[in-house]
Amino acid sequence: MTLLETLIEYLIEYRWSLLVWVTVLYAVREVLRYHRLRHFRGPWATAFSSIPHRIATYTGESHNWYREVSERYGPIARVGPTSLITSDIDVWMHINTKPGYKRSDWYFKPVRIEYHRDNLFSQTDTKLHDERRKQIAPGYSGRENLELESTIDTLVLDFINLIRTKYLSTPSSSSPIIPLEIAKKIPFFTLDVISAVSFGRAFGMLRADEDIDHYVRLGEQGLRLNNTLMALGLGWLVKESILGKVLGPKPTDTSGFGAMQGACFRYVDDRVRNVKDDTRRDMLASFIRHGLRGDELRSEVLLQLIAGSDTTAGALRGILLYVMAHKRVCVKLQEEIDAAVREGKVDGGEDGVVSFAAAKQLPYLQAVIREGLRIWPPVRNILPKDVPPGGDMVMVQGKPVFLPGGVDIGVSTLAMHRDKKVYGEDADMFRPERWFEPDQERLAVMTRVNNLTFGYGRWECLGKNVAQMELNKVIFELFRRFDLAIANPPKPWEIMNTMGIFVANNMLVQVTAR
-15 MTLLETLIEY
-5 LIEYRWSLLV
5 WVTVLYAVRE
15 VLRYHRLRHF
25 RGPWATAFSS
35 IPHRIATYTG
45 ESHNWYREVS
55 ERYGPIARVG
65 PTSLITSDID
75 VWMHINTKPG
85 YKRSDWYFKP
95 VRIEYHRDNL
105 FSQTDTKLHD
115 ERRKQIAPGY
125 SGRENLELES
135 TIDTLVLDFI
145 NLIRTKYLST
155 PSSSSPIIPL
165 EIAKKIPFFT
175 LDVISAVSFG
185 RAFGMLRADE
195 DIDHYVRLGE
205 QGLRLNNTLM
215 ALGLGWLVKE
225 SILGKVLGPK
235 PTDTSGFGAM
245 QGACFRYVDD
255 RVRNVKDDTR
265 RDMLASFIRH
275 GLRGDELRSE
285 VLLQLIAGSD
295 TTAGALRGIL
305 LYVMAHKRVC
315 VKLQEEIDAA
325 VREGKVDGGE
335 DGVVSFAAAK
345 QLPYLQAVIR
355 EGLRIWPPVR
365 NILPKDVPPG
375 GDMVMVQGKP
385 VFLPGGVDIG
395 VSTLAMHRDK
405 KVYGEDADMF
415 RPERWFEPDQ
425 ERLAVMTRVN
435 NLTFGYGRWE
445 CLGKNVAQME
455 LNKVIFELFR
465 RFDLAIANPP
475 KPWEIMNTMG
485 IFVANNMLVQ
495 VTAR
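All residue numbers for the sequence shown refer to the numbering used here, where the first residue is -15 and numbers rise by one.
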């Protein structure tokens, strides 16, 4: 009798005993998992199962579920057998700065862009993450990219020209309304910007008014697919060597994300081959100068294209929608913009674009951007971190709370940014005037919370400066030149939360010249 046959016979003979032992071991494991977080409140099922969390993710409502859990069960609440969530600003800042915390594999590994390789966002080894961050941070800062702002200015004008030449409506009885599907045009702008500042050449979507190689459409499909797989607990499937190689996007694809990957890699390789004769000072040049090479270099440039486009596009959509929906805000914003133009704060006349420095001096514009990012955070990932193995003590509203090792803790972004204790009873309302709060201590707290939109500590978004520049320039120039109106107020857009990033469609806008 072979060893395999002996084993099979043993399993058959003792199958009931084995079943009992497996059941006992499973029950012991579940009791231990429950016991570890027994002091934290949450929906009763989350003590034993991740199903409630998975359902919220699958339906695209995880951000609302996190908020409901936080508001009902407190600043640290339970969302799974070994998972917590916090809406407390001090706890979240502590987690993002204290040594010992690391990104959780269960979340960050499935969100890899390339199935077999980590980038700055998916890297869960904190030491490797910090080393990579030091290499690429100078390129994001703008200090080593001397043409950053002028590049963005050119693409802002391309965006304005696209609207003016193809989507401008005339308010007369005989002229048809030409709706602008701005949810789709905004990614054209953000992808053109990030490709131009990353490696010196825009994709050209704005000038073509086309989703070149279906980057946008298939990228959104990829987000939906990843969200579904994550919700079902199958996110690891397409990241495994065999399935990932077969099912994942490939640089040899002729369209979609794989085609973007291929174009990106070819351009990077060409720049590396000619690096001695290359005098450009863009992000790619900075990465090369600081030692990135080969696959690591390709991966980080690819990450820029994805992370730098979707997040900024989400922020622009949200801010524009809320301004259009509040006439009072729109009028005050345009009055400030008009005054800045009259006072000569915009160089180049009609064909000029407001400088970032000048835009930052406009108080109401800054209040609108802050309030837009607060009421509609563009990224609502849970971003879980593993608690250090020995556990950690955190202060929650002046009281010490122990976080045990072996669990992870994420953030409830919506609960944090709509906290009535911080922002007042009207925290669910869009009101830019709150940023002129006379109480300086309260304003300081509000600002600290608002700054967390871009992350904090070692995991803060490196693209913050680029995103802020885009937001300031686009919002200023759109409302300077056009009047924008929601074409379908009962349903201004169709959105879905996919891995914390919002996919948006049918955001129809009527645009008229001012």
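Using N, Cα and C, we set each Cβ at its ideal position, and we do this for glycine too.
**Asked** Can you tell me whether DSSP reads E409 as helix, strand or coil?
**Response** Look at E409 here: in three-state DSSP terms it is coil, with no helix or strand label.
**Message:** If I follow the unbroken alpha helix (DSSP H) through M483, where does it start and stop?
**Reply:** Neither: M483 is in no alpha helix (DSSP H) and is coded neither H nor E.
**Minimum C-alpha distance to E165 - residue among N481, Y348, L152 and L175** = Looking at the Cα atoms, L152 is the closest of the given residues.
**Asked** Among Q119, G242 and T296, which residue has its Cα nearest to the Cα of A167?
**Response** Selected option, being the one with the closest Cα: T296.
**Prompt:** Going by the beta-carbon positions, is the gap between T70 and P59 smaller than 9 angstroms?
**Reply:** Yes.
**Where the alpha helix (DSSP H) containing V337 begins and where it ends** = Going by DSSP, V337 is part of no alpha helix (DSSP H) at all; its letter is neither H nor E.
**Item:** 9 angstroms Cβ cutoff met for L139 and L387
**Value:** Contact flag unset, no.
**Prompt:** Is the stretch 16 to 36 in contact with the stretch 201 to 212, if contact means three or more CB pairs nearer than 8 angstroms?
**Reply:** Flag = no, the stretch 16 to 36 and the stretch 201 to 212 do not touch.
**Prompt:** Between the C-alpha atoms of K369 and D89, what's the straight-line distance to the nearest angstrom?
**Reply:** Each residue's alpha carbon lies about 9 angstroms from the other.
**Request:** Spatial neighbours of R264 within its chain, please: CB distance less than 6 angstroms, with the 5 preceding and 5 following residues excluded, ordered by chain position.
**Result:** Result list for R264: G184, in chain order.
**Item:** Three CB pairs or more closer than 8 angstroms across the stretch 313 to 324 and the stretch 426 to 441
**Value:** Fewer than three beta-carbon pairs drawn from the stretch 313 to 324 and the stretch 426 to 441 are found closer than 8 angstroms, and the two stretches are therefore not classed as touching.
**Item:** Straight-line gap, G328 to E334 (C-alpha atoms, nearest Å)
**Value:** Taken atom to atom, the span from the alpha-carbon of G328 to that of E334 is near 11 angstroms.
**T212 - containing alpha helix (DSSP H), residue span** = Start and end: Y199 to A215.
**Request:** With M267 as the anchor, note down where its alpha helix (DSSP H) starts and where it stops.
**Result:** Note, M267: alpha helix (DSSP H), M267 to R273.
**Message:** Does S125 come out as helix, strand or coil in the three-state DSSP assignment?
**Reply:** Note: S125 maps to helix in three-state DSSP.
**Prompt:** So, using beta-carbon positions, are V391 and E204 closer together than 9 angstroms?
**Reply:** No, Cβ-Cβ distance for V391 and E204 is not below 9 angstroms.
**Asked** Going along the chain, which residues of its own chain have a beta-carbon closer than 6 angstroms to the beta-carbon of V200, five neighbours each way excluded?
**Response** Around V200: P171.
**Request:** Measure the alpha-carbon distance for D72 versus G382 and round it to whole angstroms.
**Result:** Approximately 12 angstroms between the Cα atoms of the pair.
**Message:** Just verifying my parser: in three-state terms, what is the DSSP assignment at A61?
**Reply:** Here DSSP, grouped into helix, strand and coil, assigns A61 to strand.
**Message:** Helix, strand or coil, according to DSSP, for N489 in the structure here?
**Reply:** Note: N489 maps to strand in three-state DSSP.
**Request:** Measure the alpha-carbon distance for T(-14) versus W0 and round it to whole angstroms.
**Result:** Approximately 23 angstroms, taken between the alpha carbons.
**Item:** Backbone CA spacing between T482 and K234 [nearest angstrom]
**Value:** Rounded to whole angstroms, the gap between the alpha carbons of T482 and K234 is 22 angstroms.
**Item:** Counted within 10 angstroms of its Cβ, other Cβ atoms place L218 as buried (16 or more) or exposed
**Value:** By the Cβ-count criterion, L218 is exposed, with fewer than 16 other Cβ atoms from all chains shown falling within 10 Å of its own Cβ.
**Item:** Of the listed residues L202, R255 and V259, nearest to A242 (C-alpha basis)
**Value:** The residue you asked about is not Ala; residue 242 is Gly in the sequence shown. The candidate whose alpha carbon is nearest that of G242 is L202.
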